[in-house]
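Be aware that the sequence shown starts at 822, since it is given in our numbering, and climbs by one per residue. By construction, the Cβ of each residue, glycine as well, lies at the ideal position given by its N, Cα and C atoms. I have placed the structure first, in the form of structure tokens, so that the comments after it can refer back to it.
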Amino acid sequence: RFKGRTQYDGLGMEKREGDYAISEIQEGRWHYQHTYFRNDGTLIGKYININTPVEFYPDHIRYVDLEIDVVQMPDGEVHVTDEVDLEERFKAGFLSRELVEKARKAALQRVETLRGE
822 RFKGRTQYDG
832 LGMEKREGDY
842 AISEIQEGRW
852 HYQHTYFRND
862 GTLIGKYINI
872 NTPVEFYPDH
882 IRYVDLEIDV
892 VQMPDGEVHV
902 TDEVDLEERF
912 KAGFLSRELV
922 EKARKAALQR
932 VETLRGE
């Protein structure tokens, strides 16, 4: 059961009782992906978080969220979200320009993959 916000980040779709997600997380990747479904299996959409390379530990995983994300809507439309948040973290001194560029590159790669380019 999902808690928190009443809508899925970036998708603008409401959360409903019975919705579920399949999360794909691979060690060393600059992203992880949630694919959301309704109780009947209908695709809600995909949400790809861009982050520092995922690290696996015996009882948890670790990464730093880089703010920028990629979303794929049920109709296949793909777009990048939260670029402003990424830039704000840079301006605040939390992220280096190099890390910001790596995050943007990782997001673009996910967009290309989802679009089949």
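- The residue among Asp830, Asn872, Tyr853 and Phe858 with its C-alpha nearest the C-alpha of glutamate 922 is Asn872.
- In this structure, DSSP gives alanine 913 a state outside helix and strand, which the three-state scheme calls coil.
- Counting along the chain, no beta strand (DSSP E) covers leucine 935; the unbroken alpha helix (DSSP H) around it starts and ends at 918 to 936.
- For the 8 Å CB-CB criterion, glutamate 835 and threonine 827 form a contact.
- Less than 8 Å divides the Cβ of alanine 924 from the Cβ of isoleucine 889.
- Positions of the alpha helix (DSSP H) runs, each at least 4 residues long and wholly inside the stretch 835 to 917, are given as 904 to 912 in order along the chain.
- Exclusion of the five residues before and after methionine 894 leaves Gly866 as the residues of its chain whose Cβ lies within less than 6 Å of its Cβ.
- With distances taken between CA atoms, arginine 850 lies nearest to Ala927 out of Arg936, Gly937, Ala927 and Val932.
- For the options Asp840, Leu907 and Leu864, the alpha carbon positioned closest to that of aspartate 886 is the one of Leu907.
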